[in-house]
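Numbering (our numbering), first residue to last: 946 to 1373.
Yeah, the Cβ is synthetic: ideal placement off N, Cα and C, and Gly gets one too.
Remember, it's a predicted structure, so these values are computed and weren't measured experimentally.
Reading through the structure tokens given below for one structure.
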């Protein structure tokens, strides 16, 4: 049996992980974690996802089908007696049973022609390979969903931290300008406008707290509710680390390792094996039998064979159906191949774009935004700047800092999107 480019991790995921699931033999569930890294989150999700558990069981069921496919026909045994007189039991004397009743015993066996058993095994093994790759593709999706949820938690934490910093900074501005009102350096009406602006930052903090709770809840649901504590935290930060990759290399790796493509190719082999089996099923099996008959003191041996005459049914319909199924599987595999290439191109384009955006922010826009706010605050507090300039600088810096964090999250997500599109961890 060939399973494509099956890795040791895939084998572990398909065979070992189910043993650690709730309700399975040997299940090992540790205490809830208070802090989780992205690797922890992925590991827990792959262990605890119940849909994956059910799909992994499909591999075991397919292996059971391999056993069925390899079985040979059972021989038959028949024993009989002819000449009994049940309605006149007085005649059933020992002499009558010995001399007047004939006894027979026979064995029979179905000899399969066309190498059907080997062809059935080919179909079953190809089906197991396809089922295994389908499970690997489900794991690929769960991995990406978990990584995306984890990054969303990092983003929510960063946004909340930014909101808290902005609130504290603006609260300091409000306190300073309250002193200016008391000393007569600032009009009370202008102070009210500044004070009211503080409400925006308080709303940002409230929204950030809700966003973090929701992001954690989503991640917890993916990992498994009981795997972490109620107040769990994640390990990591939104941080930019330069990554380099090549589009052509990504395409080649995706074509070699994407589980859905390998599954589609496996289903082509299933369909081809099924077509060969249907041609083999057209061969007529031979039923052989041998029997021993004893009547009185004479014993006779009889042998015989039986075979269907393929006059009408030559398995034409099943052969035609298998031919169509083989063509369908081939077209599906081609469509999947083109889809894989498209996914890689789109993921690479998003990665390049997000990388450029992050670099733009880091090239000076972040510093300019913060310096503009510092200058506007400094000038206004000394009575040389306008309130409008100060509030505009506050808004611009707030939006710029928030957009930068969102760009970082998009960049990190695009890295995982490339891994998802390729079907393996090509970018750490």
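Excluding the 5 residues flanking residue i on each side, which residues of the same chain have their C-beta closer than 7 angstroms to its C-beta?
i	result
residue 1104	1153, 1156, 1347, 1350
residue 1188	1360, 1372
residue 955	Residue placement at residue 955 is flagged as unreliable, the pLDDT there being 45, under the threshold of 50; a coordinate-derived value is accordingly withheld.
residue 1295	1359, 1362
residue 1102	1157
residue 1343	1111
residue 1315	1342
How far does the beta strand (DSSP E) with residue i in it extend, from its first residue to its last?
i	result
residue 1243	1243-1252
residue 1056	1047-1056
residue 1238	1231-1240
residue 978	978-981
Taking the alpha carbon of residue i as the point to measure from, which residue in the options has its own alpha carbon closest?
i	options	result
residue 1011	1220, 1064, 1070	1070
residue 1292	1120, 1024, 1363	1363
residue 1096	1246, 1245, 986	986
residue 1202	1368, 1134, 1185, 1277	1368
residue 1085	997, 1150, 1037	997
residue 1299	1370, 1148, 1354, 1274	1354
residue 1253	1230, 1243, 1265	1230
residue 1149	1178, 1107, 1181, 1158	1107
residue 1026	1294, 1276, 1179, 1238	1238
residue 1185	1006, 1024, 1301	1301
residue 1338	1318, 1060, 1325, 1323	1318
residue 1375	1340, 1326, 1177	This structure cannot settle anything about residue 1375, because the visible part of the chain is limited to 946 through 1373.
residue 1262	1280, 1197, 1297, 1223	1223
residue 975	992, 1033, 983	992
residue 1024	1135, 1159, 1052	1052
Just checking my contact of residue i with residue j at CB under 8 angstroms: how many whole Å lie between their CB atoms?
i	j	result
residue 1289	residue 1366	5 angstroms
residue 1056	residue 1233	6 angstroms
residue 977	residue 1172	6 angstroms
residue 1040	residue 1240	Contact flag wrong, Cβ pair sits at about 14 angstroms.
residue 1235	residue 1248	5 angstroms
residue 1352	residue 1285	Actually they do not touch by this definition, with Cβ atoms about 27 angstroms apart.
residue 1064	residue 1265	Incorrect: roughly 17 angstroms between the Cβ atoms, too far for contact.
residue 900	residue 1072	This structure cannot speak to residue 900, because the chain is shown only from 946 to 1373.
residue 933	residue 979	Nothing can be reported for residue 933: it is not among the residues displayed for the chain, which extend from 946 to 1373.
residue 1321	residue 1330	6 angstroms
residue 1017	residue 1058	Rounded, the Cβ-Cβ distance is 13 angstroms, inconsistent with contact.
residue 1179	residue 981	6 angstroms
residue 1045	residue 1028	6 angstroms
residue 1311	residue 1345	7 angstroms
In the DSSP assignment, find the alpha helix (DSSP H) that holds residue i and state where it starts and stops.
i	result
residue 1005	995-1015
residue 1026	Premise fails: residue 1026 lies in the beta strand (DSSP E), 1021-1027, not in any alpha helix (DSSP H).
residue 1306	Element bounds for residue 1306: n/a, residue is neither H nor E.
residue 1311	1311-1326
Once the 5 residues before and after residue i are set aside, which same chain residues still bring their CB inside 8 angstroms of it?
i	result
residue 1282	1200, 1206, 1209
residue 1219	1068, 1267, 1270, 1271
residue 1167	986, 990, 994, 1087, 1090, 1091, 1094
residue 1139	1118, 1119, 1122, 1332, 1335, 1336
residue 1357	1096, 1099, 1183
residue 1259	1227
residue 959	Interpretation of residue 959 is limited by its pLDDT of 43, a score under 50 that renders its predicted location unreliable; the figure taken from the coordinates is listed afterwards. Result list for residue 959: 1001, 1004, 1077, 1080, 1081, in chain order.
residue 1278	1206, 1209, 1210, 1212, 1213
residue 1370	1364
residue 1176	979
residue 1244	1237, 1238
residue 1009	none
residue 1083	996, 997, 1000
residue 1133	1126
Using only the heavy atoms of the ligand MG, determine whether one of them is closer than 8 angstroms to the beta carbon of residue i.
i	result
residue 1213	You won't find the ligand MG in this model; it holds no ligand whatsoever.
If you drop the 5 nearest sequence neighbours on each side, which residues of the same chain put their C-beta closer than 6 angstroms to that of residue i?
i	result
residue 1146	1111, 1112, 1115
residue 1125	1131
residue 968	Per-residue confidence for residue 968 stands at a pLDDT of 38, beneath the threshold of 50, marking its modelled position as unreliable; the derived number appears in the next sentence. Nothing meets the Cβ criterion.
residue 1015	1066
residue 1163	1094
residue 1217	1271
residue 948	With a pLDDT of only 41 at residue 948, under 50, the local geometry of the prediction cannot be trusted, and no value is derived from it.
residue 1161	1098
residue 1251	1232
residue 1212	1075, 1274
residue 1042	none
residue 1192	1293
Discussion item. Runs of 4 residues minimum, wholly inside the region 1161-1227: which ones carry the alpha helix (DSSP H) assignment?
Written reply: 1192-1202, 1204-1226
Secondary structure, alpha helix (DSSP H): runs of 4+ residues fully inside the region 1343-1373 = Those alpha helix (DSSP H) runs which fall completely within the region 1343-1373 and span 4+ residues do not exist here.
| message | In chain order, what are the residue ranges of uninterrupted beta strand (DSSP E) at least 3 long that sit wholly in the region 1033-1121? | response | 1047-1056
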